[in-house]
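The next block holds one structure in the form of structure tokens; read it before the comments.
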Amino acid sequence: MIESIPNDRLSFLTVASIGLKGFRYFLIEPAETPDACIACNGEVVSGVSRTVLPLLQTNLFLGLRRMNEGLKVAAENRMRMELG
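With numbering that gives the first Met the number 0, letter number 3 in the sequence shown gets 2, and the count goes up by one each step, no holes.
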């Protein structure tokens, strides 16, 4: 864990067994209405060579997309529960 600020951001480092290193972050920003927020996440990856990237890119993109979809569902469910 690098940084954790409730209702604002979370960031941490990851290391894969094949030598990839990543800095992952999640940001939470207010939206135009008081009962909504904008959740963003991303990752900066190092240790990927041009020969390895094509092999990982499709699976990495699909995994990030599914994770984003899951985070969206979880955030929407929590919001519904809090609003009653």
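Think of the CB as a built atom: it goes at the ideal place given N, C-alpha and C, for glycine as much as any other residue. As the structure is a computational prediction, the values presented were derived from the model and not from experiment.
Run through DSSP, which three-state label would Leu70 get?
-> Translated into the one-based positions of the sequence shown, residue 70 becomes position 71. Of the three classes helix, strand and coil, the one that applies to Leu70 here is helix, per DSSP.
In whole angstroms, what separates the C-alpha of Gly21 from that of Glu81?
-> Position 22 of the sequence shown, counted from the start, is the residue given in the question as residue 21. Position 82 of the sequence shown, counted from the start, is the residue given in the question as residue 81. Going by the C-alpha atoms only, they are around 33 Å apart.
Tell me whether Cys31 sits in a helix, a strand or coil according to DSSP, three-state version.
-> Here residue 31 is taken as the residue at index 32 of the sequence shown, counted from 1. Before going on, a small fix: residue 31 reads as Glu here, not Cys. Reduced to three states, the DSSP call for Glu31 is coil.
Check each candidate in Lys71, Thr57 and Arg79 and name the one with the smallest Cα separation from Asn84.
-> Any question about residue 84 goes unanswered here, given that the chain covers just 0 to 83.
Counting along the chain, where does the beta strand (DSSP E) carrying Ala15 start and finish?
-> Stepping through the sequence shown from its first residue, residue 15 is reached at position 16. It is not in any beta strand (DSSP E) - Ala15 carries neither H nor E in the DSSP assignment.
Is the number of C-beta pairs between the stretch 27–42 and the stretch 62–77 that are closer than 8 Å three or more?
-> The stretch 27–42 makes contact with the stretch 62–77; the number of CB pairs closer than 8 Å reaches 3 or more.
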